[in-house]
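If you read the sequence shown in our numbering, its first letter stands for residue 40, the second for the next number, and so on.
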Amino acid sequence: MKYIMVTGGVMSGLGKGLTTASLGKLLQARGLKVTAIKIDPYLNVDAGTMNPFEHGEIFVTEDGGEIDLDMGHYERFLDVNLTKEHNITTGQVYYEVISKERRGEYLGRTVQIIPHVVDEIKRRLRQVALKSGADVCLVEIGGTVGDMESMPFLEAARQMRLEEGPTNTLFIHVTLVPSSGPMGEQKTKPTQHSVKELRQLGISPDIIVCRSATPLTSEARRKISLFCNVWENEVISAVDVKNIYELPLVLEHENLSSIVLQKLGLRSGDIDLTSWVEMVSKMENASKPVRVGIVGKYIRFTDTYLSIYEALRHAAAQNDVKLEVRWISAERLERTVEAFQELSQCQGVVIPGGFGPRGAEGKILAIRWARENLVPLLGLCFGFQLAVVEFSRNVLGLEGANSTEVDPLTPHPVIDLLPEQRGLREMGGTMRLGAQEVVIEKGTKAFQIYRSERIWERHRHRYEVNPEYLPLLTGKNLLFSGKSPDGKRMEILELSDHPFFMATQFHPEFKSRPLRPAPIFNAFIKAALCRSLNA
Ligand code: GLN
């Protein structure tokens, strides 16, 4: 097993995750089997209980992990399904060490960060890497070098170099090279300082990836090489890209994959990035736009809807059109006409997942507008549930119908808690999570889209369609075309007298890949393109 450890310096948000995913893509394109691990040095056991407004979207894996959004990039770039074990947090490590201590597994010993916590980190890294059967395991160490929180992880990485040997481990440090002064001179001092910090921890980077607004000048490259003790060709210029899928190409232009292979003593054939290059050029060169409105509550921080945005982009590229997203605040829809004007300029509307009452009425207004004006609509999870609420109120005349999550006292609880959720005390990892089987009825729009009677899609919810309302709900033009195999859980809904009004209890966005868009997103984009674009 070859381990590539990716650390970050200078500041957070430099795109370590994208750099890791991009390098993985390049190694894969050279025929290697690649896996990736993300380390998050926070104390939460997983990202499931975190506020998406601070950390961005919670990504869901097949096995029901609620994890960091960088893992979504790994899955999309590498086109692999990862498991929750691929996201290691301080919380998990301490939980395990303390449980072992309570079980008496360290009997007689003083349990300490070194060796016990660090050993547990190494054990997890090796276990995940070996289980994957990959040739190369990329490990992204979250946080910035110098943070107190990431120290045990960096120490584990240092020890692994010693234990696995220098040709089986590689350190890549991602830093920022800012420009300043009237001539926009590139400054290398922050990089030098962060490498110094890393060295104090016993780690010397083998390769330094420099983020900068303009390509790294030869002067900056020379300085970084000299003062950070790497060859000039090991200083990689990662100039800002407009499109994240361009990053592997930018890094390959700097010969990153061949340098990595050579350092790890690996051989490979020529790199084949043909389909990737084609996909990027489709994204960049498409001239015809498709304008989609995303109606959400967290629109000031669009990372909350990252996988939805990516899935729309994949589908747009597949259809040779350029995605234009209008982020529309659900709460503004409740208050202003302008928000509706924005909505009316869109060719299709997405109602994403969400929690709680804030903005729910605005989303319901958007759903009503799309239903009545025959505008393509895609509802996801909470969006699916609110489509049921809207239909109950405005088509079936069930006044005050709602989800009990939004209004616990509603006279018509058309969406209600899943039975197994009642009486649950713990919040972490207790939703209906991960891949679940969905059975699709033949002859429906859903069947036309998926072309299969049985699919697996990822879930993350506590509420569902209340089975008591099913006879009423399905008496008109609404059809639940996808259900759980026992027929009890409603999974997909569609309206028979609307060009495209589809909603899913699951999250198809998590399985969309750049070269294999999620089928329902693809169909949504096609439907949106049938509607003319009013500027
Ligand atoms: N809040 C809703 C539920 O728990 C929807 C969740 C979601 O959109 N992910 O069922």
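Built from N, CA and C at the ideal position, the CB exists for glycine as well. Remember, it's a predicted structure, so these values are computed and weren't measured experimentally.
| query | According to the neighbour-count rule (16 or more other Cβ atoms, all chains shown, within 10 Å of its Cβ), is S8 buried or exposed? | reply | Since the first residue of the chain shown is 40 and the last is 574, residue 8 is not available in this structure.
| field | Beta-carbon contacts of A574 that lie in its chain and below 6 Å, excluding the five residues immediately before and after | value | With a pLDDT of 48 at A574, under the threshold of 50, the modelled position of that residue is not reliable, and the figure given next carries that caveat. Excluding sequence neighbours, A574 sits near nothing in its chain.
| task | Go through the region 170-248 residue by residue and report every complete run of the alpha helix (DSSP H) that reaches 4 residues or more, in order. | result | Counting only runs that start and end inside the region 170-248, the alpha helix (DSSP H) elements of at least 4 residues fall at 190-203, 228-239.
| message | Measuring alpha carbon to alpha carbon, tell me which residue in E194, L351, S346 is nearest G387. | response | Of E194, L351, S346, the residue nearest in Cα terms is L351.
| query | Beta-carbon separation of I275 and E293 under 8 Å? | reply | Contact flag set, yes.
| query | First and last residue of the alpha helix (DSSP H) that includes D109? | reply | D109 -> alpha helix (DSSP H) spans 109-117.
| request: Assign E496 to one of three DSSP states: helix, strand, or coil. | output: In this structure, E496 counts as strand in the three-state DSSP scheme.
| Simplified DSSP assignment, three categories, for P154 | In the structure shown, P154 sits in a helix (DSSP, three-state: H, G or I).
| query | What separation, rounded to the nearest whole angstrom, lies between the Cα atoms of F423 and M110? | reply | Rounded to the nearest angstrom, the two C-alpha atoms are 25 Å apart.
| query | Count the other CB atoms within 10 Å of the CB of R493; is the residue buried (16 or more) or exposed (fewer)? | reply | With fewer than 16 other beta carbons inside 10 angstroms of its own, R493 counts as exposed.
| field | Neighbourhood of Q131 by C-beta distance below 6 Å, restricted to the same chain and skipping five residues each side | value | Excluding positions up to five away in sequence, the list reads V84.
| request: Pull every residue with its beta-carbon under 5 Å away from any heavy atom of the ligand GLN, and keep them in chain order. | output: Near the ligand GLN, residues with a Cβ at less than 5 Å from any of the ligand's heavy atoms are G392, F394, C420, F421, R499, H500, R501, Y502; the list follows chain order.
| said: At the level of alpha carbons, what is the spacing between K302 and A168? | reply: For the pair K302 and A168, the Cα-to-Cα distance works out to about 19 Å.
| task | Determine the DSSP secondary structure at M89, reduced to helix, strand or coil. | result | M89 falls in the coil class under three-state DSSP.
| query | Which residue comes first and which comes last in the alpha helix (DSSP H) that contains S520? | reply | Taken as a continuous stretch (DSSP letters only), S520 belongs to no alpha helix (DSSP H), being part of the beta strand (DSSP E) at 517-522.
| Is it buried or exposed for L512, if we count other Cβ within 10 angstroms and need 16 for buried? | With 16 or more other Cβ atoms from the protein chains shown falling within 10 Å of its own Cβ, L512 counts as buried.
| field | Stretch-stretch touch, CB-based, cutoff 8 Å, three pairs: the region 88-108 with the region 337-348 | value | With a cut-off of 8 Å, the region 337-348 and the region 88-108 count as touching, because enough Cβ pairs lie within range.
| field | Reference I283, options R260, A354, R115, I137, closest by Cα | value | Considering only R260, A354, R115, I137, the residue with the shortest C-alpha distance to I283 is R115.
| message | Would D102 and K123 be called neighbours here (beta carbons separated by less than 8 Å)? | response | Taking 8 Å as the cut-off, the beta carbon of D102 is found closer than this to the beta carbon of K123.
| Whose C-alpha, out of G395, A252, A68, is nearest the C-alpha of G335? | Between G335 and the set G395, A252, A68, the nearest pair of CA atoms involves G395.
| Simplified DSSP state of I367, which is helix, strand or coil | Correct three-state label for I367: strand.
| task | Following the continuous beta strand (DSSP E) through N126, name the residue where it begins and the one where it ends. | result | Counting along the chain, the unbroken beta strand (DSSP E) around N126 starts and ends at 126-128.
| task | For S535, count neighbouring C-beta atoms within 10 Å of its own C-beta (all shown protein chains included) and say buried if the count is 16 or more, exposed if not. | result | With a threshold of 16 other beta carbon atoms within 10 Å, S535 falls short and is exposed.
| query | Which two residues bound the contiguous alpha helix (DSSP H) that contains Y348? | reply | Counting along the chain, the alpha helix (DSSP H) containing Y348 begins and ends at 345-357.
| field | beta strand (DSSP E) runs wholly inside the region 419-481, at least 3 long, in chain order | value | As far as the region 419-481 is concerned, its whole beta strand (DSSP E) runs of at least 3 residues are 452-456, 471-479.
| contact_flag[the region 483-500, the region 460-474] where n(CB pairs < 8 Å) is 3 or more | Enough Cβ pairs lie closer than 8 Å, so yes.
| said: I believe Y42 touches M199 by the beta-carbon criterion, under 8 Å. Please report the beta-carbon distance rounded to the nearest angstrom. | reply: About 6 Å separates the two Cβ atoms, so the contact holds.
| If you run the structure through DSSP and keep just helix, strand and coil, what is I283? | Reduced to three states, the DSSP call for I283 is helix.
| field | Beta-carbon proximity of L416 to I390, cut-off 8 Å | value | In contact: L416 and I390 (Cβ atoms closer than 8 Å).
| field | Buried versus exposed call for W315 [16 or more other C-beta atoms within 10 Å across all chains shown] | value | With at least 16 other beta carbons inside 10 angstroms of its own, W315 counts as buried.
| Between V248, V269, V175, which lies nearest to L300 when the distance is taken from Cα to Cα? | Among V248, V269, V175, the Cα nearest to that of L300 is on V175.
| CB contact flag (L290, L62, <8 Å) | Taking 8 Å as the cut-off, the Cβ atoms of L290 and L62 count as close.
| field | Length-filtered (4 minimum) alpha helix (DSSP H) runs lying within the region 282-333 | value | Taking only runs of at least 4 residues, the alpha helix (DSSP H) segments lying wholly in the region 282-333 are 286-292, 295-302, 313-324.
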